[in-house]
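Notes follow once the structure below has been shown.
Number of protein chains: 2
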Amino acid sequence: MAQLFDPSTHPHRRYNPLNDQYIIVSPHRTKRPWLGQVEPPQSIDLPQHDPACYLCPGNTRAGGKQTEVYEHTYTFENDFSAVLPPPIPQAPVAPHHLLTAEPVGGGCDVLIFHPRHDLTMPRLSLQDIERIIDQWTTTYVKRGSEEGIRHVQIFENKGAIMGCSNPHPHGQVWSFTTVPTLIAQEKTNLIQYSDSEHPLSDAPKGPGGKPCLLCEYAHTEVNIEGAERVVVKNDHWVALVPWWAYWPYEILLLPYRRHIPSILHLTPEETHSFADILSRVTKRYDNLFSCSFAYSMGIHQRPVPPSVPDGADQDDIAHLHIHFSPPLLRSATVKKFMAGVELMAEAQRDFTPEQAADRLRACSEIHYLDARG
Amino acid sequence: MAQLFDPSTHPHRRYNPLNDQYIIVSPHRTKRPWLGQVEPPQSIDLPQHDPACYLCPGNTRAGGKQTEVYEHTYTFENDFSAVLPPPIPQAPVAPHHLLTAEPVGGGCDVLIFHPRHDLTMPRLSLQDIERIIDQWTTTYVKRGSEEGIRHVQIFENKGAIMGCSNPHPHGQVWSFTTVPTLIAQEKTNLIQYSDSEHPLSDAPKGPGGKPCLLCEYAHTEVNIEGAERVVVKNDHWVALVPWWAYWPYEILLLPYRRHIPSILHLTPEETHSFADILSRVTKRYDNLFSCSFAYSMGIHQRPVPPSVPDGADQDDIAHLHIHFSPPLLRSATVKKFMAGVELMAEAQRDFTPEQAADRLRACSEIHYLDARG
Ligand SMILES: [Zn+2]
Ligand SMILES: [Zn+2]
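So the sequences go chain by chain: A and B.
In this text, residue positions in the first sequence follow the working numbering: the first is 1, and each later residue adds one.
In this text, residue positions in the second sequence follow the working numbering: the first is 1, and each later residue adds one.
What follows is the structure in structure tokens.
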């Protein structure tokens, strides 16, 4: 006879409606012994200014150019961009229909968050974080208005175990003349959701009063009894470990009160609230294992701003949200590996998203380095 | 005026017809300096028998059970399986349509390739590799015949930087009561290809004489002028760096002479040829950076064997192929990171698949440890 299902004990899979993939959750498995690789712990004794850091004010970069002496934030074009500005060459004739190549143009910007070499987002003031949001918005508008650009991707790689070569706080913005795969997937799924029949709910709605997948999801998580996946919530934003989380402490951060297509659409109050929740989420992350918590962070929103100020079009179906994908699993030195069955069959995690949210809720919002002595 | 497109210089994207995703290739970018994390080099002075290794003959495992004294290969059920055998509990009632969970049952087997703690596949004899193929086939048939099992995934995680906790040569087989995401995607794309109109070619055909994506692709790569993505070819199999390779030295290994749905369908000659090419590919891999080359390897084929011996059904649309996904990028200690824009927008690589194939072709087929004095 079949037992009663218990999601905190029984292996099961959950559906991710953003990418149309499943993830296997194996909560019973956390008992197994760890014999694998541990990462070198990250240094925390960083200088305020490092003469060897090409992101510190006034220093020279590998390409030979100089980083100016800046006061708050500073943006420059990556000296080793993965995509190059127009003119882009013409698409070649493919020798076979399975061997096609499409030229990609665009730009890669580096966004320095602050002159201090040693201060990451969780240790910056709200005012400084608002300056970063402003820097994101400016770059989004600038790059998104360039001819031929079809998507602007804002992201941050933090931590050596995420492949980030420099601890100086900075993010990146890559713009593309093509729509990237994961963006196209999310858009397809958002459109499909808005066109489907779903039970009526009192969640906010997307363009044309049609249902929005992320309005509906955020509203549900905020209001569900126990709110067991919510980590932090403020007046306009909620940070939660999504039902379909892949990374051990993955967080989805999004506005839950109304449908907002991009950071350009934020009111001053919503922007302030955004800075507040970014500060609180990143402090909890650092406090989880008392380390500078590594992650990849990315902003998903309208691919480019509307071409007419206040103009609306089909891209407004996008619901602004931020993905945090952190690799750490059980300490500052043990990370999750994406390997084996996950590369060959299906994503898998051990402890549940609810357990992850629980641990993040238990973390303080005073940064551990500021709490000492 | 637009320049002439040169795939070894200009950024471009390529289409992966197996997973319907794109990958950006940035070949101009290999000039940028490396400032990131390096991995600890792997130890090569392993004992032939390690008393602390739970996979060595006669030793006790973490769960308390004993690994028998075996002579060639040895298979046992993982003491910490990610999925559990039936009875599986009933699917619960979802509190909301975005919060559904589906129980997953199945089994996780560990396949030890050889009693010697220090010998990985590239250092085993062809006879020993044929025994591993036999072990894969036996487990595929056994697990694939169990009630409710819908997919059997054979894979190997090799190397600490791939999250593998034990250097003793072994692989795994996970069986599922559900069809995993990546398997379902490949099947969808294989079906779509076989139903589409494509220019007639003299490649082998799939079931019903319809075009097979992988028959067509393998045939094309073997016959194209210069065969610049082919690494090794023997009588029945070809190993190539696919046009859409994501990992720096990714290899797709597949039979190119006829459509073969699974390892169960191999003739003795094809099996021998399979062992030969596995040996040659893994030797080249180890020789590339003179180290035990880490990878995830997975066998894609019919999800389960036919239920009637010699029976054919729609699953025969699968074309047996092996994916090798190795993380190393430019030395034994510098790996590729899947992070940032790749997690948020689209996969990206620097040097081209053709350049990777070129370097692998230049490697010897005599293992560097056997070549020394
Ligand atoms: Zn998103
Ligand atoms: Zn495959």
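All C-beta atoms in this analysis are idealised placements derived from N, C-alpha and C, irrespective of residue type, glycine included.
Q) Going by other Cβ atoms of all chains shown within 10 Å of its Cβ, with 16 needed for buried, is residue 267 of chain B buried or exposed? A) Sequence index remark: in the second sequence, residue 267 of chain B carries index 267 (1-based). Exposed is the call here.
Q) Should residue 192 of chain B be labelled buried (16 or more other beta-carbon atoms within 10 Å of its own) or exposed? A) Walking along the second sequence from the start, residue 192 of chain B turns up at place 192. Under this definition residue 192 of chain B is an exposed residue.
Q | Per-residue DSSP class, three states only, for residue 6 of chain B | A | Position 6 of the second sequence, counting from 1, holds the residue named residue 6 of chain B. It is coil, neither helix nor strand.
Q) When we look at the beta-carbon of residue 4 of chain B and count the other beta-carbons within 10 Å, is it buried (16 or more) or exposed? A) As a working note, residue 4 of chain B is residue 4 in the second sequence. Residue 4 of chain B should be labelled exposed.
Q. So, does the CB of residue 60 of chain B fall closer than 8 Å to a CB anywhere in chain A?
A. Numbered from its first residue, the second sequence carries residue 60 of chain B at position 60. With 8 Å as the cut-off, residue 60 of chain B does not count as an interface residue toward chain A.
(Q) If contact is defined by three or more beta carbon pairs under 8 Å, each pair taking one atom from either stretch, is the region 146-165 of chain A in contact with the region 317-330 of chain B? (A) no
Q | Neighbourhood of residue 179 of chain A by C-beta distance below 6 Å, restricted to the same chain and skipping five residues each side | A | Working through the first sequence from its first residue, we reach residue 179 of chain A at position 179. Within the same chain, residue 179 of chain A has close Cβ partners 150 and 151.
Q) Considering only residues of the same chain and omitting the five flanking positions on each side of residue 161 of chain A, which have a CB-CB separation below 7 Å? A) Translated into the one-based positions of the first sequence, residue 161 of chain A becomes position 161. The answer, listed in chain order, is 39, 294, 327 and 335.
Q: Could you tell me whether any Cβ in chain A is nearer than 8 Å to the Cβ of residue 24 of chain B?
A: Reading the second sequence from its first residue, position 24 is the one you call residue 24 of chain B. Residue 24 of chain B counts as touching chain A.
Q: Check the Cβ-Cβ distances between residue 301 of chain A and every residue of chain B, and say whether any is below 8 Å.
A: Here residue 301 of chain A is taken as the residue at index 301 of the first sequence, counted from 1. False, the Cβ-Cβ gap to chain B never drops below 8 Å.
Q: Spatial neighbours of residue 367 of chain A within its chain, please: CB distance less than 8 Å, with the 5 preceding and 5 following residues excluded, ordered by chain position.
A: Counted from its first residue, the first sequence places residue 367 of chain A at position 367. Contacts found: 122, 123, 283, 286 and 287.
Q: My understanding is that residue 87 of chain A touches residue 107 of chain A, with C-beta atoms under 8 Å, so please give their C-beta distance in whole angstroms.
A: Along the first sequence, read from residue 1 onward, the residue named residue 87 of chain A stands at position 87. Along the first sequence, read from residue 1 onward, the residue named residue 107 of chain A stands at position 107. Between residue 107 of chain A and residue 87 of chain A the Cβ distance is about 14 Å, and since that is not below 8 Å, they are no contact.
(Q) If we define contact as Cβ-Cβ less than 8 Å, is residue 192 of chain B a contact residue for chain A? (A) On the second sequence, position 192 is the one that residue 192 of chain B refers to. Judged by the 8 Å Cβ criterion, residue 192 of chain B is not in contact with chain A.
Q.
I'd like to check one pair, residue 120 of chain B with residue 169 of chain B: are the Cβ atoms closer than 8 Å?
A. On the second sequence, position 169 is the one that residue 169 of chain B refers to. On the second sequence, position 120 is the one that residue 120 of chain B refers to. Cβ distance < 8 Å, so residue 169 of chain B and residue 120 of chain B count as in contact.
Q.
For residue 11 of chain A, would you say it is in contact with chain B, using Cβ-to-Cβ distances shorter than 8 Å as the test?
A. As a position in the first sequence, residue 11 of chain A is number 11, starting the count at 1. By this cut-off, residue 11 of chain A is an interface position.
Q) Where are the beta strand (DSSP E) runs, 3 residues long or more, that stay fully inside the region 58-111 of chain A, in chain order? A) 74-77 and 101-103
Q | 8 Å Cβ shell around residue 341 of chain B - same chain, five flanking residues per side excluded | A | The count along the second sequence starts at 1 and reaches residue 341 of chain B at position 341. Cβ neighbours of residue 341 of chain B beyond the five flanking positions: 348.
Q.
Would residue 241 of chain A and residue 353 of chain A be called neighbours here (beta carbons separated by less than 8 Å)?
A. To locate residue 241 of chain A, count along the first sequence from 1; it is residue 241. To locate residue 353 of chain A, count along the first sequence from 1; it is residue 353. Yes.
Q | Residue range of the alpha helix (DSSP H) that includes residue 136 of chain B | A | Taking the second sequence and counting its residues from 1, one reaches residue 136 of chain B at position 136. 126-144 is the extent of the alpha helix (DSSP H) around residue 136 of chain B.
Q.
If I follow the unbroken alpha helix (DSSP H) through residue 270 of chain A, where does it start and stop?
A. Reading the first sequence from its first residue, position 270 is the one you call residue 270 of chain A. That run of the alpha helix (DSSP H) goes 268-288.
Q) Rounded C-beta distance between residue 272 of chain A and residue 130 of chain A? I'm assuming under 8 Å. A) To locate residue 272 of chain A, count along the first sequence from 1; it is residue 272. To locate residue 130 of chain A, count along the first sequence from 1; it is residue 130. Rounded, the Cβ-Cβ distance is 7 Å, consistent with contact.
**Q.** Identified DSSP bridge partners for residue 240 of chain B
**A.** The residue given as residue 240 of chain B occupies position 240 in the second sequence. BP columns for residue 240 of chain B point to B/230 and B/252.
**Q.** Amino acids of chain A, ordered along the chain, whose beta-carbon sits closer than 7 Å to that of residue 124 of chain B
**A.** As a first step, residue 124 of chain B is located in the second sequence; it is residue number 124 there, counting from the start. Chain A residues near residue 124 of chain B: none, gap ~21 Å exceeds 7 Å.
Q: For the beta strand (DSSP E) containing residue 156 of chain A, list its first residue and its last residue.
A: Walking along the first sequence from the start, residue 156 of chain A turns up at place 156. 151-158 is the extent of the beta strand (DSSP E) around residue 156 of chain A.
**Q.** Cβ-Cβ separation, residue 344 of chain A to residue 81 of chain B (assumed contact under 8 Å), whole Å
**A.** The residue you call residue 81 of chain B lines up with position 81 of the second sequence. The residue you call residue 344 of chain A lines up with position 344 of the first sequence. About 17 Å separates the two Cβ atoms, so there is no contact after all.
Q: Count the CB pairs spanning the region 56-70 of chain B and the region 251-268 of chain B that are closer than 8 Å, and state whether there are at least three.
A: no
Q. Do residue 232 of chain A and residue 222 of chain A have their CB atoms nearer than 8 Å?
A. Translated into positions along the first sequence, residue 232 of chain A becomes position 232. Translated into positions along the first sequence, residue 222 of chain A becomes position 222. Taking 8 Å as the Cβ cut-off, residue 232 of chain A and residue 222 of chain A do not qualify as a contacting pair.
Q. Residue 206 of chain A bridges to which residues according to DSSP?
A. As a working note, residue 206 of chain A is residue 206 in the first sequence. Bridge partners of residue 206 of chain A: none, in fact.
Q) Between the beta-carbon of residue 98 of chain B and the beta-carbon of residue 220 of chain A, is there less than 8 Å? A) Here residue 98 of chain B refers to the residue found at position 98 when the second sequence is read from its first residue. Here residue 220 of chain A refers to the residue found at position 220 when the first sequence is read from its first residue. In contact: residue 98 of chain B and residue 220 of chain A (Cβ atoms closer than 8 Å).
Q: Would you check if the region 67-75 of chain A and the region 131-142 of chain A touch, i.e. whether three or more CB-CB distances between them fall below 8 Å?
A: yes
Q: Find the nearest neighbour of residue 184 of chain A within the set A/23, A/19 and A/243, judged by alpha-carbon distance.
A: On the first sequence, residue 184 of chain A is found 184 positions in, with the first residue counted as 1. Closest by alpha carbon: A/19.
Q.
What does the alpha-carbon distance come out to for the pair residue 136 of chain A and residue 163 of chain A?
A. The residue given as residue 136 of chain A occupies position 136 in the first sequence. The residue given as residue 163 of chain A occupies position 163 in the first sequence. Going from the Cα of residue 136 of chain A to the Cα of residue 163 of chain A covers about 22 Å.
(Q) Need the endpoints of the beta strand (DSSP E) that residue 347 of chain B sits in, please. (A) Indexing the second sequence from 1 puts residue 347 of chain B at position 347. Taken as a continuous stretch (DSSP letters only), the beta strand (DSSP E) holding residue 347 of chain B covers 347-349.
Q | Contact set between residue 298 of chain A and chain B, taken where Cβ atoms lie within less than 9 Å | A | The sequence position of residue 298 of chain A within the first sequence is 298, counting from 1. Going along chain B in sequence order, the residues near residue 298 of chain A (Cβ under 9 Å) are 340, 341, 343, 344 and 345.
Q. To the nearest angstrom, how far is it from the Cα of residue 355 of chain A to the Cα of residue 355 of chain B?
A. Translated into the one-based positions of the first sequence, residue 355 of chain A becomes position 355. Translated into the one-based positions of the second sequence, residue 355 of chain B becomes position 355. Approximately 45 Å between the Cα atoms of the pair.
Q) By Cβ distance below 6 Å, which residues in the same chain neighbour residue 34 of chain B in space, the five residues on each side in sequence not counted? A) The sequence position of residue 34 of chain B within the second sequence is 34, counting from 1. Model confidence at residue 34 of chain B stands at a pLDDT of 49, short of 50, so the residue's coordinates are unreliable and nothing is read from them.
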